[in-house]
Amino acid sequence: MATSTDSKTEITLKGSVAIVSEFFFTAINSILYQRGIYEPETFKRESKYGLTVLTTTDNGLLTYLNQIMGQMNTWLIDGDVQRLVVVVTGIDSGETLERWQFNVSVDQNANNSGGSKDENDANNSKVHKEAAAGSKETKKSLREIHNEIQAIIRQITASVTFLPLLNEPCSFDLLVYTNKEAVVPKKWEESDPRYIMNSQEVKLRSFTTTVHKVDSMVTYKEADEWEL
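Heads up: the sequence shown runs through residues 56 to 283, numbered per the numbering used here.
Okay, here's the thing in structure tokens:
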């Protein structure tokens, strides 16, 4: 007998935002664990997407991530998020060593069906119109979405097999790219894109809720560039 996760259903805007936000939270935690940004003993194991994932228990980090995710939810509802970037920086060298980029595109038609205000609809229509043009599927099961997300998390876990070893203590920053119309709280500040010169790029899997599509990739500095 099919369960509720197996049945295809029309994903609402709010439902899609919840899925995307949970993915971002899980992906960020996985990156911080796999790349050794935080000590492994500060993470706990949880079951999610049919996988065992690692989630931080550091109170300061949890507070920071929850604040970011809260603002991201608002921007996602309004269709203002273009991409989220996790930047890994060497503390000693000050160099950007890795950029984990998650591009967000919005299905215009699905988003407009969510009952948002006219002015928000106008803003949403400016965001990645190619998603609406190419999207024909309007219903999808939660299991299908989770399977797609699972593939991305597995790739993040396997990243240690192809990414250069981080030979210095590292910190991370979160960059959120939004539309010009987005309302930005005063405590947020502008940042340079923190690009990596002479970098290599690995494209990862993508997933779609039929409302949002998230494409992921990682760009990194080759070892022979920064180990000397």
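No residue lacks a Cβ here, since even glycine has one placed at the ideal position from N, Cα and C.
Here the structure is a predicted model, which means the values were calculated and not measured.
Going by alpha carbons, who is nearest to residue i out of the options?
{"i": "T111", "options": "L120, K276, T67", "result": "L120"}
{"i": "R209", "options": "L139, G70, S261, D247", "result": "S261"}
{"i": "E94", "options": "F80, T151, C225", "result": "C225"}
{"i": "N128", "options": "N234, L87, V75", "result": "V75"}
{"i": "K276", "options": "F217, K258, T264, S254", "result": "S254"}
{"i": "M272", "options": "G149, L139, E77, V231", "result": "L139"}
CB-CB under 6 Å to residue i, same chain, minus the five flanking residues each way: which ones, in chain order?
{"i": "D228", "result": "V142"}
{"i": "V231", "result": "L139"}
Residues in its own chain within less than 7 Å of residue i by CB, not counting five upstream and five downstream?
{"i": "I86", "result": "V141, W155, I211"}
{"i": "I83", "result": "L120, V141"}
{"i": "K258", "result": "M272"}
Checking the sheet assignment: what are the DSSP bridge partners for residue i?
{"i": "V273", "result": "W155, V257"}
{"i": "H267", "result": "V161"}
{"i": "S102", "result": "T107"}
{"i": "V142", "result": "R154, D228"}
{"i": "F262", "result": "V269"}
{"i": "K195", "result": "T64"}
{"i": "T233", "result": "V136"}
In whole angstroms, what separates the C-alpha of residue i from that of residue j?
{"i": "D147", "j": "R249", "result": "16 Å"}
{"i": "Q137", "j": "T233", "result": "5 Å"}
{"i": "L109", "j": "V266", "result": "27 Å"}
{"i": "Y104", "j": "I132", "result": "23 Å"}
{"i": "T274", "j": "S62", "result": "36 Å"}
{"i": "N222", "j": "S196", "result": "42 Å"}
{"i": "L116", "j": "D162", "result": "32 Å"}
{"i": "E203", "j": "A278", "result": "30 Å"}
{"i": "Q126", "j": "I251", "result": "27 Å"}
{"i": "L106", "j": "T151", "result": "30 Å"}
{"i": "D135", "j": "D113", "result": "29 Å"}
{"i": "T98", "j": "T118", "result": "Here residue 98 turns out to be Phe, not Thr, going by the sequence shown. One C-alpha to the other measures close to 15 Å."}
I think residue i touches residue j, with their Cβ atoms under 8 Å apart; what is that distance to the nearest whole Å?
{"i": "K194", "j": "T64", "result": "6 Å"}
{"i": "Q89", "j": "S214", "result": "6 Å"}
{"i": "I19", "j": "T264", "result": "There is no way to answer for residue 19, as the model of the chain reaches only from 56 to 283."}
{"i": "F157", "j": "M124", "result": "Not confirmed; about 13 Å, so no contact."}
Give every residue of the same chain whose Cβ lies closer than 8 Å to the Cβ of residue i, excluding the five residues on either side of it in the sequence, and list them in chain order.
{"i": "I218", "result": "Just to set this straight, residue 218 is Leu in the shown sequence, not Ile. Answer for L218: R90, E153, V273, Y275, listed in chain order."}
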